[in-house]
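Student: Mind looking over this structure? Questions follow.
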Amino acid sequence: MALGRYNKVDNNNNKSSSYCSTVTIVIFMGLCLVGIWMITSSWVVPVQNGDDPAEEKKNQLKDQVETVIVDSNDRDNKPQFEDKPNDLRKDGPEKNLDVSLAKDKGKANLAAEENQEKTEEAKWDKSKKDNQQFNSVGGEKNVYNSENLGGQGSENNNEKPHSIKDDKKSGSDYAEKKGDESSSRTYGDKVDKNDDKVSDKRSADQVKKKSSNEDSPKGDKVFDKSFVDQVKKSSNEVFPKGDKVDKNNDNGFDKSSDSQVKKSSNEDAPKGDKVFDKSFDDQVKKRSNEVFPKGDKVDKNNDNVLDKSSDSQVKKSSNEVFPSVAQSELLNETMIQNGSFTTQAAESNKEKNAQSSSNSSSKDYSWKLCNSTAGPDFIPCLDNWEAIRNLPTNIHYEHRERHCPEVPPTCLVPLPEGYKFPIEWPKSRDKIWYKNVPHSKLVEFKGGQNWLKITGDYLTFPGGGTQFRRGALHYIDFIQKAVPDIAWGKRSRVILDVGCGVASFGGYLFERSVLAMSLAPKDEHEAQVQFALERGIPAVSAVMGTKRLPYPGTVFDIIHCARCRVPWHIEGGKLLLELNRLLRPGGFFLWSATPVYQLKAQDVEIWKAMIEQTKAMCWELVNKTSKEPINKVAIATFRKPTSNECYEQRSQQEPPLCSESDDPNAAWNVPLQTCMHKVPLDPSERGSKWPEEWPARLEKSPYWLLSSQVGVYGKAAPEDLAADNEHWKQVVTKSYMQGMGINWSSVRNVMDMKAVYGGFAAALKDMNLWVMNVIPVDSPDTLPIIYERGLFGIYHDWCESFSTYPRSYDLLHADHIFSRVKKRCNFVAVVAEVDRILRPGGKLIARDDVETITELENMVRSMHWEVRLSYSKDKEGLLCVQKSMWRPTEVETLTYAIA
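Read in UniProt numbering, the sequence shown has 646 at position 646, and its numbers run on one by one without any break.
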């Protein structure tokens, strides 16, 4: 009984023990499952799939393994991030991006997780196949997960580059089956990639297959371009800015990827050099800015767990791609500097300005033909009949002076009917086309004096004049013999010929290396200055009336008056005192008018008045010749004093000396005064010495130009002059003579519209031409320097017309004048004036800023001029154009110019 009892009890006990064991196991497993679930739910919330519980369970197991691996890396077994996506550490040190799991703790924890995984797999038969994938992984190293920082590994070179979307489908078997789930992970959490070790064999085999480089040479592993693309994309999607990245997962970086990195560094480099592919380098640099927030550190101490090839590559690229803290600061913008790059605002403003300028400069110019009484000979400031009619008097030749219209004309002057291109120098000195200057009245008045004749289609010039009917050269030599000190072409280089007629005197002085500034009024001797210019002889239309002539003081070596009909002796010798202002101390006044040699009562009276006047002015009568046998004229030569002694010793101070405040160089629209300026005595003052002889004076700096003075271009004045001189030699020789396509043998009359030091004219000194050097009234007054160098010029305001006839010049040179003038003048009127004074076939060379050159080019094109050269560099432009015969058909009547 007892035995039976005990047997029964034993059986019950056995059953009870078995039951307890079962319950204990179930409870234990349940607790494990609950624990696993709790741990897993605190990290990842996978997408639920109600149709596939096995798939759901597999995801939980995957998450479980991830959780354990993360904990194994923390000493206190606590998660570093709470499940708060927005509550991330922003100031913690950053660990290495590509570092593998630590070997010691990683293997132990991984083994524990594998045991739990096997236990759970036994509970679900449906997931047997899936469980086999997880059970077979163990500590395998070469699993490449789709969530790896690098993205999907490259297949062979023939594979099409992958997108992030492709990676999520084919990066591993897990990702292939659960792409949607992996894409729903909370990427704000810390991502540990040791889960690669629990990937299935299929994934491992797939990666190995992809990395086998089937199409590559044996032993070579190709770093496909898709990997570069994935680096950029995965870094943006997997690791948002500000996330902390644990890089201990790199032991799951498969061999093919290692080899690919190694190959990418040496693929295009010479043997022995290991250099990242540029595209990869650029992508990784960009990724480094996105993955590493400002202030994060990159820890490189765990690189020892990478395989050898990956290890060496990371070490090499650590300084290039992932700089240290100090170096990474270079990635941060500390101060904005444009460097070589312009800003969008600057580019946009520049384009808008360019378009505005282009629109304004490319507008249609409506040119019209000027209708005036003067017709083809129209000079706006001398043919203003409206102003002339309103003059209170003309007793002092006011009606021959300049009276410019308030609004300068913008119309074009017509050509004479039958106009032809001018005859070239030196033939032009003797004959010109009659139809170019179709005036015969002067032939009738002066025909007996050998001024000019009509010979068929030509006007011919025998070389005579009122006082040298038998020829100008004989007259010139006669003067030299009478006064040897004149020394034509040496001591005497620049002269003023007053009342020049057709300027034969000046024309023949070229043979003696002398420049003559010839002037005459536009009077009843019609077109005498125009004849001179057509012949190729320098001349301007001007009169000695009520204003100073537009030249600085003490610049002419000689002033000549043959039979100029100027009443020098009247009104206290006011006009003669103007000559005194212009003449150098020691310079000569040559007078060969009839009072010198005729005994008529009027001539005798004038001669007596002249002697008294010149004596009061301290002029010395050097010589009075008798009639010379050929031309039957005599010459009186007066000399201006070189000191002030005579002025101080005069018994009567008439004419008086000018006040110290009176500037003898002020000449633009300045009224004449009845006074004399003292002779400069200071050795450093201009006028105290005679210039060097020609041609030495051209190159030598004037004695009165001091180093203490600042030149136009900012250097010491003598140095400034020398630099300007050398500059224009280079420009003329290397550019103008060769690059413009200009036939310089056809160029005779030249004007430099802004001459400065006269460097352009000096560079042309060996050419058979002359240059009118113009100093604009709003430019530095350097005209005295030009005269000192043995050249000549004139003051002018380019807002007004120049005192010359139409079609006077073969070439105009405009160096940075138009950009200045258009600021205060009507630019269209200035260009119309350029057209007026330039001959058909004549050239304009303009140098200026690009905007002005572009506007000018558009204007001259609208006048049908030929553009020979248009060049620009560094915002500076050069333009060479040739005037055509074109004239507009529409007419504009200038009411002020109708007589």
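Think of the CB as a built atom: it goes at the ideal place given N, C-alpha and C, for glycine as much as any other residue.
Predicted, not measured: the structure shown is a model, and the values here were computed from it.
From Ser688 to Phe421, what distance separates their C-alpha atoms?
Tutor: Here residue 688 refers to the residue found at position 688 of the sequence shown. Here residue 421 refers to the residue found at position 421 of the sequence shown. Their Cα atoms are separated by approximately 46 Å.
Student: Taking only the alpha-carbon atoms, compute the straight-line gap between Met859 and Val834 and give it to the nearest angstrom.
Tutor: Taking the sequence shown and counting its residues from 1, one reaches residue 859 at position 859. Taking the sequence shown and counting its residues from 1, one reaches residue 834 at position 834. If I take the Cα positions, the gap works out to 11 Å.
Student: Under the assumption that Gly842 contacts Asp810 (Cβ atoms under 8 Å), give the Cβ distance between them as a whole number of angstroms.
Tutor: Taking the sequence shown and counting its residues from 1, one reaches residue 842 at position 842. Taking the sequence shown and counting its residues from 1, one reaches residue 810 at position 810. Their Cβ separation, rounded to whole angstroms, is 5 Å, which keeps Gly842 and Asp810 in contact under 8 Å.
Student: Tell me which residues share the same chain as Ile559 and place their Cβ nearer than 6 Å to its Cβ, disregarding the 5 neighbours each side in the sequence.
Tutor: Start at 1 with the first residue of the sequence shown, and residue 559 comes out as number 559. For Ile559, where only same-chain residues beyond five positions count, the Cβ hits under 6 Å are Leu496, Leu579, Leu583, Phe589.
Student: With burial defined as no fewer than 16 other Cβ atoms inside 10 Å of the residue's Cβ, what is the status of Gln882: buried or exposed?
Tutor: Position 882 of the sequence shown holds residue 882. By the 10 Å Cβ count, Gln882 comes out buried.
Student: Any idea if Lys640 is buried or exposed, counting beta-carbon neighbours within 10 angstroms, 16 or more meaning buried?
Tutor: The count along the sequence shown starts at 1 and reaches residue 640 at position 640. Buried, since its Cβ has 16 or more Cβ neighbours within 10 Å.
Student: Is there contact between the stretch 601-608 and the stretch 651-667, where contact requires at least three CB pairs shorter than 8 Å?
Tutor: Touching, no, given that fewer than three Cβ pairs across the two stretches are closer than 8 Å.
Student: When the Cα atoms are used, what is the spatial distance from Gly572 to Met544?
Tutor: As a working mapping, residue 572 is identified with position 572 in the sequence shown. As a working mapping, residue 544 is identified with position 544 in the sequence shown. Cα to Cα, Gly572 sits roughly 15 Å from Met544.
Student: Since residue 923 is in the beta strand (DSSP E), which residue starts that stretch and which ends it?
Tutor: With the chain running from 1 to 899 in the structure shown, residue 923 is simply not present.
Student: For Arg789, does the three-state DSSP call read helix, strand or coil?
Tutor: Along the sequence shown, read from residue 1 onward, the residue named residue 789 stands at position 789. Three-state result, Arg789: coil.
Student: Exposed or buried, which one is Glu406 when buried takes at least 16 other CB atoms within 10 Å?
Tutor: Taking the first residue of the sequence shown as 1, we reach residue 406 at position 406. Burial call: exposed.
Student: Pull up the DSSP beta-bridge partners for Arg639, would you.
Tutor: For the purposes of this step, residue 639 is identified with residue 639 of the sequence shown, where counting begins at 1. According to DSSP, which records beta bridges pairwise, Arg639 is partnered with Phe588, Glu620.
Student: Measuring only the C-alpha atoms, how far is Lys490 from Glu693?
Tutor: Counting from one through the sequence shown, the residue named residue 490 turns up at place 490. Counting from one through the sequence shown, the residue named residue 693 turns up at place 693. Taking the straight line joining both Cα atoms gives about 5 Å.
Student: In whole angstroms, what is the alpha-carbon distance linking Pro683 and Ala539?
Tutor: Here residue 683 corresponds to residue number 683 of the sequence shown, with the count starting at 1. Here residue 539 corresponds to residue number 539 of the sequence shown, with the count starting at 1. Distance between the alpha carbons of Pro683 and Ala539 is about 34 Å.
Student: Apart from the five residues just before and just after Pro691, which ones in its own chain have a Cβ nearer than 6 Å to its Cβ?
Tutor: On the sequence shown, residue 691 is found 691 positions in, with the first residue counted as 1. For Pro691, where only same-chain residues beyond five positions count, the Cβ hits under 6 Å are Arg697, Glu788.
Student: If we count the other Cβ atoms within 10 Å of its Cβ and call it buried at 16 or more, is Asp848 buried or exposed?
Tutor: Taking the first residue of the sequence shown as 1, we reach residue 848 at position 848. Its Cβ being crowded by 16 or more others within 10 Å, Asp848 is buried.
Student: Cutting at 6 Å between CB atoms, please list the residues of its own chain near Val732, excluding the five before and the five after it.
Tutor: Within the sequence shown, numbered from 1, the residue matching residue 732 stands at position 732. Same-chain partners within the cutoff: Ala763.
Student: Please state the DSSP three-state secondary structure of Ile606.
Tutor: The residue you call residue 606 lines up with position 606 of the sequence shown. Looking at Ile606 - three-state DSSP - the assignment turns out to be helix.
Student: Using CA coordinates, which residue listed in Cys500, Asp485, Gly499 is at the minimum distance from Arg493?
Tutor: Here residue 493 corresponds to residue number 493 of the sequence shown, with the count starting at 1. The shortest C-alpha separation from Arg493 is found at Asp485.
Student: Identify which residue in Leu459, Gly418, Glu855 has its Cα closest to the Cα of Ile432.
Tutor: As a first step, residue 432 must be located in the sequence shown, where it is residue number 432. Looking at the Cα atoms, Leu459 is the closest of the given residues.
Student: Restricting to Cα atoms, I'd like to know which of Leu412, Leu442, Met676 is closest to residue 958.
Tutor: Here the chain comprises residues numbered 1 to 899, so residue 958 is not present and cannot be evaluated.
Student: Tell me Leu879's beta-bridge partners as DSSP assigns them.
Tutor: Against the sequence shown, residue 879 aligns to sequence position 879. Ala846, Ser870.
Student: According to DSSP, Pro776 sits in a beta bridge with which residue or residues?
Tutor: Here residue 776 corresponds to residue number 776 of the sequence shown, with the count starting at 1. BP columns for Pro776 point to His796.
Student: Answer yes or no: do Ser372 and Ala897 have a C-beta to C-beta separation smaller than 8 Å?
Tutor: Here residue 372 refers to the residue found at position 372 when the sequence shown is read from its first residue. Here residue 897 refers to the residue found at position 897 when the sequence shown is read from its first residue. Closer than 8 Å, so yes.
Student: How big is the Cα-Cα spacing for Asn349 and Leu894?
Tutor: Indexing the sequence shown from 1 puts residue 349 at position 349. Indexing the sequence shown from 1 puts residue 894 at position 894. Spanning the two alpha carbons is a distance of roughly 41 Å.
Student: Assuming Ile388 is part of the alpha helix (DSSP H), what are its boundary residues?
Tutor: In the sequence shown, counting from the first residue as 1, residue 388 sits at position 388. Unbroken alpha helix (DSSP H) run through Ile388: 385-389.
Student: My output table needs one value for Val710: the three-state DSSP class, helix, strand or coil.
Tutor: Working through the sequence shown from its first residue, we reach residue 710 at position 710. Here Val710 sits in strand by DSSP.
Student: Considering Ile379, what are the terminal residues of the beta strand (DSSP E) in which it resides?
Tutor: To locate residue 379, count along the sequence shown from 1; it is residue 379. Element bounds for Ile379: n/a, residue is neither H nor E.
Student: Look at the alpha carbon of Ser735 and the alpha carbon of Met863, and state the distance between them as a whole number of angstroms.
Tutor: The residue you call residue 735 lines up with position 735 of the sequence shown. The residue you call residue 863 lines up with position 863 of the sequence shown. Rounded to the nearest angstrom, the two C-alpha atoms are 26 Å apart.
Student: How big is the Cα-Cα spacing for Glu855 and Pro414?
Tutor: Along the sequence shown, one-based indexing puts residue 855 at 855. Along the sequence shown, one-based indexing puts residue 414 at 414. If I take the Cα positions, the gap works out to 24 Å.
Student: Distance check for Trp37 and Ile30, CA to CA, integer angstroms please.
Tutor: The residue given as residue 30 occupies position 30 in the sequence shown. The residue given as residue 37 occupies position 37 in the sequence shown. In the sequence as presented, Ile is not what sits at residue 30; that position holds Gly. Using only the alpha carbons, I get a separation of about 10 Å.
Student: Taking all protein chains shown into account, do 16 or more other C-beta atoms lie within 10 angstroms of the C-beta of His813, making it buried, or fewer, making it exposed?
Tutor: For the purposes of this step, residue 813 is taken as residue 813 along the sequence shown, with counting starting at 1. Buried, since its Cβ has 16 or more Cβ neighbours within 10 Å.
Student: So what does DSSP say about Ala374, is it helix, strand or coil?
Tutor: For the purposes of this step, residue 374 is taken as residue 374 along the sequence shown, with counting starting at 1. Coil at Ala374, not helix or strand.
Student: Per DSSP, what kind of secondary structure is Pro718 in: helix, strand or coil?
Tutor: The residue you call residue 718 lines up with position 718 of the sequence shown. Here Pro718 sits in helix by DSSP.
Student: Would you list the one or two residues that DSSP bridges to Ser492?
Tutor: Residue numbering aside, residue 492 sits at position 492 when the sequence shown is read from its first letter. Beta-bridge pairing links Ser492 to Trp488.
Student: Note down the Cα distance separating Ser172 from Ile27, rounded to an integer number of angstroms.
Tutor: Counting from 1 along the sequence shown, the entry for residue 172 is found at position 172. Counting from 1 along the sequence shown, the entry for residue 27 is found at position 27. Confidence in Ser172 is poor, its pLDDT being 39 and thus under 50, which makes the residue's placement unreliable; the coordinate value appears in the next sentence. Using only the alpha carbons, I get a separation of about 35 Å.
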